[in-house]
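Inspection log for the structure reproduced underneath, given as structure tokens.
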């Protein structure tokens, strides 16, 4: 089981990667329907510049634990190459709604080492097919990745919590409800 104390570094960063998301959840304060567009949170820098910046951090301070969040970090252009490069020198975790296709899952597994990565899957039953999300989570788990399935604790979604917990825990995946 993953424990924060097992991290290879005491240096931690929380990186709000971008404000963009392919879901429009009514409860989301970042990318949902109840927010105003904040173009200053759209990440327009090329991934090569981010890779250089994270390499400088490693050069100056050593390896770090970097947690990527945002709207949907995986929708950042070049995300797979970026996270593949970051995990050469750092350990990472990132939030995702797991809306990637299966080819993207396979490509991710080719580029990103499982022992330096944790995937926090946010479950949005009103937006995505939970059977497909579970299947993709299992694909990553079978490749050695640490995953946590987090149901968004929006009251209308809570009636699905017990059945989702059963499905994810049957697949030996950790399941929690995020308030």
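In our numbering, the protein residues as written are 857 to 1035.
Cβ coordinates follow ideal geometry from the N, Cα and C atoms, glycine included.
Closest to residue 951 by CA distance: which of 991, 1013 and 873 is it? 873
What would DSSP say about residue 1028, mapped onto helix, strand or coil? coil
Inter-residue spacing [alpha-carbon to alpha-carbon] between residue 1024 and residue 911: 36 Å
For residue 929, I'd like the list of residues in its chain whose CB is within less than 8 Å of its CB, leaving aside the five on either flank, ordered along the chain. 873, 874, 935, 950, 951 and 952
Consult DSSP for residue 973 and reduce its assignment to one of helix, strand or coil. strand
Please give the ranges of any alpha helix (DSSP H) in the region 904-947, keeping only runs that are unbroken, at least 4 residues long and fully inside the region. 935-942
In angstroms, rounded to a whole number, what distance separates the CA positions of residue 1005 and residue 1022? 12 Å
Near residue 902, what residues of its chain come up, given a Cβ to Cβ distance below 8 Å and the 5 sequence neighbours on each side ignored? 934
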